[in-house]
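Peer 1: Numbering (numbering that gives the first Met the number 0), first residue to last: 0 to 114.
I have a structure here, written as structure tokens, and I will follow up with some questions on it.
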Amino acid sequence: MAQKKITSLGGLVYSTDPNFKPETGNVEEDETLPPAQQKLKIWLDKKHRAGKAVTLIEGFTGRNTDREDLGKQLKSFCGTGGSVKDGEIIVQGDNRDKVLQWLQKNGYTNSKKAG
Numbered sequence: 000m001a002q003k004k005i006t007s008l009g010g011l012v013y014s015t016d017p018n019f020k021p022e023t024g025n026v027e028e029d030e031t032l033p034p035a036q037q038k039l040k041i042w043l044d045k046k047h048r049a050g051k052a053v054t055l056i057e058g059f060t061g062r063n064t065d066r067e068d069l070g071k072q073l074k075s076f077c078g079t080g081g082s083v084k085d086g087e088i089i090v091q092g093d094n095r096d097k098v099l100q101w102l103q104k105n106g107y108t109n110s111k112k113a114g
């Protein structure tokens, strides 16, 4: 239980400042843009992945939960695994055409393959 308290303070254990008040940690996220206004780029990447190809989707503007939901839907449509890290949606394999097809069908009209 003590571990949760420490991580909720960002690892802070003790402060010598008598006026110190821990930050509440309210991080504001961007509002999620409608699909028609999202400018997503889809590209293939093999670097730092032991030669295995992954499809990267970048440029999503919005909340992390919405990004994760989009990633889950894309992975399900392609029938592969993947993840959502560092603002990128990663889908295993070369699924650029499938991803682009799904995005355009679901209103992401500004999406395009980049390379």
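Built from N, CA and C at the ideal position, the CB exists for glycine as well.
For M0, does the count of other Cβ atoms within 10 angstroms reach 16, so buried, or fall short, so exposed?
Peer 2: With a pLDDT of 47 at M0, under the threshold of 50, the modelled position of this residue cannot be trusted, and the question is left open.
Peer 1: Just to confirm before moving on: does the CB-CB distance between G70 and V83 stay below 7 Å?
Peer 2: In contact: G70 and V83 (Cβ atoms closer than 7 Å).
Peer 1: For the putative contact between G61 and E30, defined by C-beta atoms under 8 Å, what is the C-beta separation to the nearest angstrom?
Peer 2: Indeed, because the Cβ distance is near 7 Å, the residues count as touching under 8 Å.
Peer 1: Cβ of P34 within 7 Å of Cβ of G81?
Peer 2: Contact: no.
Peer 1: Please state whether the Cβ-Cβ distance between L43 and D96 is less than 7 Å.
Peer 2: Taking 7 Å as the Cβ cut-off, L43 and D96 do not qualify as a contacting pair.
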